[in-house]
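Student:
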Amino acid sequence: MKFTDFGFKKYINDTLEQIEFIAPTSIQKKVIPLLKKHQNVIALAHTGTGKTHSFLLPILNNLDLNNDQNYVQAVIISPTRELALQIYQNTKLFLKNNDLISCNLFIGGEDISKNIEQLDKKQPHIVIGTPTRLKELYDLNKLRLTTTNYLIIDECDMIFELGFIEDVDYLISKINQKTTIGIFSATISQQLTIFCKKYIKNAHFIDDSNNKISTTNVKHVLIDTKNKELEQSLSQIINSINPFYVLFLLIKKMKLVILLRFYIKIILNKLLNYTVIYNQD
């Protein structure tokens, strides 16, 4: 099976081809047809199995772009800023091939006044964010949820663990009852079962937890850079392998300053996705 078999809109297929996504994963085969038909889903799947695109692609395909006035059509809730950012970066890849779609990222730790300014200008088609920040924006009467066609709760088990379930519970109570809901979790607890029964009716339960990301094709390479400038080494590596995604692990904060200089020069020019992890000590 190929992604083109799902009957997605052209800009989605074009983007999938550009990022070299050809064959869907197990969770994508099971979830995409259901969400595409606006059917509720509860899915067990591990991180790295492709679950983000299993809900992102149906959402993108079913957006109503014929209305002159923008309104929120999909809300994706993630437990952490880092996970929300990853979903946002994946979404932006598709927006490059369709400039009619708007998407905003609303996460804690950032200036809320900028979020308010964005929402005052227009309501985005897709909202991606963390529970508390989304609740704050709703309480300020800035984020409108009644028009939402899709509500996705990603890493729901982590939302329980981090104590955000009350915020999520509050947000769900504000959406249209006809909204299609997708809940994704690596595990299912008694709490999660009760939560799902409370809000989701006639949901398809998909257990894909036995399928884990394969590491058999991962190649590890150690490169000695003792006598080379970090920027020069990074530039040569990226130009050589042309990666889709870049993950930097930094031990010292000073390395972050060097990385940011490199980021401005190289990463922006290549439009790469990236994540930075560093020690705060």
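Numbering follows the UniProt record's numbering, in which position 269 of the sequence shown is assigned residue number 269; successive positions increment by one, without gaps. Here a beta-carbon is modelled for each residue, glycine too, at the ideal position from N, C-alpha and C.
According to DSSP, is ALA23 helix, strand or coil?
Tutor: ALA23: coil per DSSP, three-state reduction.
Student: If you check the beta carbons only, do GLU110 and ARG133 fall under 9 Å apart?
Tutor: The answer is yes: Cβ separation under 9 Å.
Student: Distance, Cα to Cα, ASN70 vs LYS10?
Tutor: Using only the alpha carbons, I get a separation of about 22 Å.
Student: For ASN149 and ALA74, which I take to be in contact (beta-carbon distance under 8 Å), what is that distance rounded to the nearest angstrom?
Tutor: Going by Cβ atoms, the distance from ASN149 to ALA74 rounds to 6 Å, so yes, they are a contact pair.
Student: Going along the chain, which unbroken runs of the alpha helix (DSSP H) with 4 or more residues stay wholly within the region 34-81?
Tutor: Qualifying alpha helix (DSSP H) stretches, in chain order: 51-61.
Student: For GLY7, which option in ASN115, LYS219, LEU60, TYR88 has the closest C-alpha, if you only look at C-alpha atoms?
Tutor: Considering only alpha carbons, the answer is LEU60.
Student: Excluding the 5 residues preceding and the 5 following ILE126 in the sequence, name in chain order all residues of the same chain whose CB lies nearer than 6 Å to its CB.
Tutor: Closer than 6 Å at the Cβ level, and outside the excluded window around ILE126, lie ALA74, CYS103.
Student: Report all residues from its chain with a CB closer than 7 Å to the CB of residue 363; omit the five preceding and five following residues, and keep chain order.
Tutor: Lying before the first or after the last residue shown, residue 363 is absent from the chain, which here runs from 1 to 281.
Student: Based on the DSSP output, what are the partners of ILE128 in its beta bridges?
Tutor: The partner list for ILE128 (beta bridge, DSSP) reads ILE76, LEU105.
Student: How big is the Cα-Cα spacing for ARG81 and HIS46?
Tutor: Each residue's alpha carbon lies about 18 Å from the other.
Student: Express the C-alpha separation of SER54 and GLN39 in angstroms, rounding to a whole number.
Tutor: Each residue's Cα considered, the two are about 13 Å apart.
Student: What's the call for ALA23, buried or exposed, on a 16-neighbour Cβ count within 10 Å?
Tutor: So ALA23 counts as exposed.
Student: Could you check the C-alpha separation between TYR138 and VAL221 for me, to the nearest Å?
Tutor: Going by the C-alpha atoms only, they are around 47 Å apart.
Student: For THR180 and LYS219, I'd like the C-alpha separation in whole angstroms.
Tutor: Roughly 40 Å between the two C-alpha positions.
Student: At what residues does the beta strand (DSSP E) containing ASP207 begin and finish?
Tutor: Counting along the chain, the beta strand (DSSP E) containing ASP207 begins and ends at 204-207.
Student: Return the residue from the list LYS92, THR25, ILE116, ILE238 that minimises the CA-CA distance to LEU1.
Tutor: Note that residue 1 corresponds to Met in the displayed sequence, not to Leu. That would be THR25, whose Cα lies nearest to the Cα of MET1.
Student: Let's test the definition: count the other Cβ atoms within 10 Å of the Cβ of ASP68 and tell me whether it reaches 16, buried, or not, exposed.
Tutor: So ASP68 ends up on the exposed side.
Student: Can you grab the Cα-Cα spacing for the pair ASP5 / LEU34, in whole Å?
Tutor: C-alpha separation (whole angstroms): 14 Å.
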